[in-house]
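I have placed the structure first, in the form of structure tokens, so that the comments after it can refer back to it.
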Amino acid sequence: MLSAVAAHHMKLNVPVSDFDPYAEEVLRDPWPYYQELREKGPAVWLERYSVLAFFRHEQVHAILSDPYTYCSSAGVGLTNFRTETPWRKPSIILEADPPEHGRTRKVVARILSPAWINKLRPTFEREAEKLVDKVLNKGTFDAATDFCEAYPLKVFADAVGLPAEGRENLLPYGDMVFNGFGPINERFKERMGTSGQAVQWIAEVCRRESLTKDGLGADLYAAADAGELTHEEAGMLVRTLLSAGLDTTVFTLCNAMLCFAKHPDQWETLRENPSMARQAIEEVLRYEPTFHSFYRTTTKQVEIAGITVPESQKVVVFIASANRDAQRWEDPDRFDIRRRASGNLAFGTGIHGCAGQMMARLEGDILLSALARKMHSIELVGTPIHHFNNTVRGYTSIPVKTTPNK
Ligand code: OVM
101 MLSAVAAHHM
111 KLNVPVSDFD
121 PYAEEVLRDP
131 WPYYQELREK
141 GPAVWLERYS
151 VLAFFRHEQV
161 HAILSDPYTY
171 CSSAGVGLTN
181 FRTETPWRKP
191 SIILEADPPE
201 HGRTRKVVAR
211 ILSPAWINKL
221 RPTFEREAEK
231 LVDKVLNKGT
241 FDAATDFCEA
251 YPLKVFADAV
261 GLPAEGRENL
271 LPYGDMVFNG
281 FGPINERFKE
291 RMGTSGQAVQ
301 WIAEVCRRES
311 LTKDGLGADL
321 YAAADAGELT
331 HEEAGMLVRT
341 LLSAGLDTTV
351 FTLCNAMLCF
361 AKHPDQWETL
371 RENPSMARQA
381 IEEVLRYEPT
391 FHSFYRTTTK
401 QVEIAGITVP
411 ESQKVVVFIA
421 SANRDAQRWE
431 DPDRFDIRRR
441 ASGNLAFGTG
451 IHGCAGQMMA
461 RLEGDILLSA
471 LARKMHSIEL
481 VGTPIHHFNN
491 TVRGYTSIPV
501 KTTPNK
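Once you know that position 338 of the sequence shown is 438 in this note's numbering, the rest is easy, because the numbers rise by one and skip nothing.
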């Protein structure tokens, strides 16, 4: 007799795989797995988790562009909020559907719009200069902790309006959030077990009284005063900024540093043309995206790439794999800052596309241009230590040696 799982994938008529996106060897180097899975067909049944997985750019893009069929309110992780209890109160922007989503998204989009955040540019630039001078002075340093963590923990946390004390809770909290989009595995449980204090601290600093009067947090509460949100919702959206805004940018900066340490010719190109910083960041996001996968849940039976997907089915899209799809990118496994990398799916796409992407690009652009003007070379002097997380990829340590420009 067929097992229920085997019967399920046969009904869907798609290849089945025992691929585990959360296994250590996959997290360490997912790229060969993604390639093999893209080649299997437009969709693959992951029997371990009973989800339908998409690895090609075409379907990933199509799914993210249709939020009515592929909804977020049942959770954008493996956990189905209709049948299981989420580990924290669902996000009122990420884990919400239209029309409710539109109201919160509109406010967040405004405070993170280019016009709004460009006010931050002078401060971000000043802090970048200071930090770059400091590490170049040291010569040998840990790019992950001394540089990639230090910058967002200073400038982004300041921009939100957080107190200086307690910021060591931010990365552990984010780590829990991003582990929480995967299965309730040992990795998640271990983090949960040690992060009670971080949850407590986050709840505390989301309150209006904890925030400065002139930050993004205060802007959210001002939107509540204006009647666009309730005050409780403003607090929930501060939690969104703190959940989504730190680990992501820290790891993206780590990935950028490692890309350039490993591709000195590309560093040479950027150093000769510091104005290429923004497009360089875009290629880092394509080639080594921080966010790897998230989920949607079907609201009705739907046909995609000739497959009939039943209602209430969890589907997982591998945005990182889409970024290396040879059907979409020429020579996808080559890191090349000269290519046109826009259209990559590192920030997702559609109505849930990253609301903070302009902030992320601003941080990356400013740091990379400061480095390009001041740093001659960067070289690994030890083995980077990978940070294992169910959803995001980054590092806890990147030992480097740099030389300044003459
Ligand atoms: C949120 C949230 C948390 C993590 C990530 C994210 C990528 C949003 O709490 O709304 O977007």
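We treat Cβ as the ideally placed atom computed from N, Cα and C, and that holds for glycine.
By the three-class DSSP mapping on this structure, what secondary structure does residue i have?
i: Trp367; result: helix
i: Met101; result: In this prediction, Met101 scores a pLDDT of 47, lower than 50, which makes its location untrustworthy; no coordinate-derived value is stated.
i: Asp275; result: helix
i: Arg308; result: helix
i: Cys354; result: helix
i: Phe288; result: helix
i: Ile211; result: helix
i: Asp258; result: helix
i: Asn505; result: coil
i: Asp347; result: helix
i: Val116; result: strand
i: Asp246; result: helix
i: Lys189; result: coil
i: Leu471; result: helix
i: Phe241; result: strand
i: Lys313; result: coil
i: Thr330; result: coil
i: Tyr168; result: coil
i: Thr491; result: coil
i: Thr449; result: coil
i: Thr398; result: strand
i: Val500; result: strand
In terms of alpha-carbon separation, which member of the options lies closest to residue i?
i: Ala380; options: Glu403, Ala405, Leu353; result: Leu353
i: Val114; options: Val126, Tyr134, Leu127, Val144; result: Val144
i: Leu346; options: Thr502, Ala460, Thr185; result: Ala460
i: Asp425; options: Trp367, Ala243, Gly443, Arg226; result: Gly443
i: Phe391; options: Leu137, Leu341, Asn279; result: Asn279
i: Glu333; options: Ala344, Arg308, Thr312; result: Arg308
i: Asp120; options: Ser150, Lys140, Ala441; result: Ser150
i: Gly141; options: Arg148, Ser412, Tyr168, Gln159; result: Gln159
i: Ser393; options: Thr183, Asn489, Glu136; result: Asn489
i: Gly482; options: Pro199, Glu227, Asp242; result: Asp242
i: Phe224; options: Val277, Ala250, Asp246; result: Ala250
i: Gly315; options: Glu265, Lys219, Asp325, Thr294; result: Lys219
Just to confirm, are residue i and residue j a CB contact at a threshold of 8 Å?
i: Ile302; j: Asn269; result: yes
i: Leu164; j: Thr449; result: yes
i: Ile193; j: Thr179; result: no
i: Ser117; j: Leu146; result: yes
i: Trp367; j: Ile478; result: yes
i: Leu212; j: Gly261; result: no
i: Leu370; j: Arg221; result: no
i: Ile498; j: Ala244; result: yes
i: Thr340; j: Lys501; result: no
i: Val232; j: Lys474; result: yes
i: Leu127; j: Val207; result: no
Starting from residue i, follow the alpha helix (DSSP H) in both directions and report where the run begins and ends.
i: His392; result: That residue, His392, is in no alpha helix (DSSP H); it is neither H nor E in DSSP.
i: Tyr495; result: Looking at the DSSP string, Tyr495 is not in any alpha helix (DSSP H); the run it does join, the beta strand (DSSP E), is 494-497.
i: Ile381; result: 377-387
i: Trp131; result: 131-140
i: Thr223; result: 221-238
i: Val176; result: Premise fails: Val176 is in no alpha helix (DSSP H) and is neither H nor E.
i: Ala422; result: 419-422
i: Glu158; result: 157-164
i: Glu125; result: 124-128
Terminal residues of the continuous beta strand (DSSP E) containing residue i?
i: Ser477; result: 475-480
i: Leu152; result: 151-154
i: Ile404; result: 402-404
i: Ile437; result: Note, Ile437: premise wrong, no beta strand (DSSP E); not H, not E.
i: His487; result: 485-487
i: Ile407; result: 407-409
i: Leu146; result: 144-146
For the structure I just gave you, are there three or more beta carbon pairs, one from the stretch 160-176 and one from the stretch 388-399, closer than 8 Å?
yes
Are the stretch 342-362 and the stretch 382-396 in contact at 8 Å, needing three or more beta carbon pairs?
The stretch 342-362 vs the stretch 382-396: in contact.
Spell out a yes or no on whether the stretch 230-242 and the stretch 288-298 are touching, meaning 3 or more CB-CB pairs, one atom from each, closer than 8 Å.
no
Are at least three pairs of beta-carbons, each pair with one atom in the stretch 249-266 and one in the stretch 335-351, less than 8 Å apart?
Contact holds: three or more Cβ-Cβ distances are below 8 Å.
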